[in-house]
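Data first, discussion second: the structure below is written as structure tokens.
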């Protein structure tokens, strides 16, 4: 896995490039990421750093986590993520990584987040079924229903994995190959082309593809 940072989705807007073309971007807040653990081949069998970001109230933090953050010399954080095969030079516990330390304008990035949940939904919304109406499958007067799902007397059962109604959204998704459009280091903000998963205010992981 390549280098990366933890961020929080702020919202979407649009910007103009040097040629006057207007395109959509997502604004991501990337607060200073604190190194709270370093893993090495000698001790752990692989190399990685654990990053933590966005302050959390102490009263909402468990005692084991409080001790973990105190060891790194930082306050409790809301989001913790391990980035494998990424150890900055001379990295030490408690060091902070900012946007400019990892990303540059024009870099290609992957963004991972949890998509919006839409609750329990039917097959038309969940799987883009077109509905069957009165055409076939033994249906009538139920345009948005799935139709027949079972088999005949052999094998006389419903196979696993059949597309049916159920919980929709609220899943971990990765959007690949976005481009860093702008970086505002003084305000800890960056813009990436296109959209990223999740509602505004949800945490995301940004991986550098370089």
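In my numbering, the protein residues as written are 23 to 232. Where is the CB? At the ideal position from N, CA and C, for every residue including glycine.
For residue 65, the enclosing alpha helix (DSSP H) stretches over residues 63-66. Residue 164 is not bridged by DSSP to any residue. Looking only at 49, 44, 36 and 37, the smallest Cα-Cα distance to residue 133 is reached by 49.
In the DSSP assignment, the residues bridged to residue 75 are 101. Here the alpha carbons of residue 123 and residue 74 stand approximately 16 Å from one another.
Apart from sequence neighbours up to five positions away, the residues of its chain that approach residue 194 with a beta-carbon distance below 6 Å are 136, ordered along the chain. Residue 92: member of the alpha helix (DSSP H) spanning 85-93, first to last residue. Excluding the 5 residues flanking it on each side, residue 179 has same chain C-beta neighbours closer than 8 Å at 172 and 173, in chain order. Residue state for residue 227 is assigned as strand, using DSSP reduced to three classes.
Around the CB of residue 33, fewer than 16 other CB atoms lie within 10 Å, so the residue is classed as exposed.
For residue 67, the number of other beta carbons within 10 angstroms of its own is below 16, and it is reported as exposed.
Rounded to the nearest angstrom, the Cβ distance from residue 72 to residue 62 is 12 Å, too far for a contact under 8 Å. Annotation: residue 185 to residue 168 spans about 9 Å, alpha carbon to alpha carbon. For residue 138, same chain residues with a beta-carbon under 6 Å away, outside a window of 5 residues either side, are 191 and 221 in chain order.
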